[in-house]
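Each residue of the sequence shown is one higher than the one before, starting from 1 at the first, in the UniProt record's numbering.
The C-beta atom is built at its ideal place from N, Cα and C for all residues, glycine as well.
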Amino acid sequence: MKIVIIAGSNRRISSSTAMARYVGDRLALSGHRVELWDMHLQPLPFYDPDADVQTEAVARLSDLVAASDAIVLATPEYHGSVSGVLKNALDYLDGDHFSGKMVLCVSSAGGAVGVSSLQHLQAIVRNVHGVNCPEWISIGGDQRRFDETGEPFQPSVKARVDRVLNTFVKLAGLLRS
């Protein structure tokens with residue numbers, strides 16, 4: 001299965017991007033083709049619905065998401081919502097990119113959990129006709145620590161990620177068939 005992950009942080013060192021990379025590594029180990037779009041390394045211009053020409057970066061992201069079988073959206077939680085750079089990227093995409101595809105939402109928050117950002121992401125996914133995974137990944141506080149290999153320090157976080165990814169992949173496969 002081809003899975004695109006959009007890491008929606010603009011930070012150089014971001015726990016939501018670290019989680020996105022870890023999720024990508026776990027999915028790749030299971031035999032899936034994974035492409036990570038890191039908003040810090042691959043920024044997009046501000047969305048302009050009146051623009052006549054798409055930039056190369058926007059066209060590439062659009063093509064990646066359109067060709068994917070499933071999507072992972074990862075965000076830090078800023079002021080109770082998704083990051084601006086992720087929302088900006090999602091504004092370039094629509095139902096042609098998401099319709100009928102399983103979408104997993106991932107959040108990293110400075111507090112205990114990032115539930116508000118996950119709820120906002122799920123509302124966006126519904127509005128572009130994607131299918132929200134009934135599970136999500138939210139890390140906060142001490143759960144946001146990763147070792148030098150990119151793995152979460154806490155075994156409970158690793159176990160949760162594996163459990164969520166099993167559900168995500170299973171449901172994404174059912175939607176594909």
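Put simply, the stretch 132-152 touches the stretch 97-111. At least three CB pairs are less than 8 Å apart. The beta carbon of residue 81 sits closer than 7 Å to those of 116, 117, 120, all from its chain and outside the five residues before and after it, given in chain order. By the criterion of at least three beta-carbon pairs nearer than 8 Å, the stretch 146-154 is in contact with the stretch 17-35. With respect to residue 53, residue 93 sits apart: the two C-beta atoms are not nearer than 8 Å. In this chain, residue 87 is not harboured by any beta strand (DSSP E); it is covered by the alpha helix (DSSP H) spanning 84-91. A direct Cα-Cα distance of roughly 15 Å separates residue 131 from residue 177. Per DSSP, residue 74 lies in no alpha helix (DSSP H) segment; the continuous beta strand (DSSP E) that holds it begins and ends at 70-76. The beta carbon of residue 36 lies closer than 7 Å to those of 5, 7, 20, 21, 24 in the same chain, with the five residues before and after it left out. Taking 8 Å as the cut-off, the beta carbon of residue 40 is found no closer than this to the beta carbon of residue 68. Annotation: the continuous beta strand (DSSP E) that includes residue 34 extends over 33-38.
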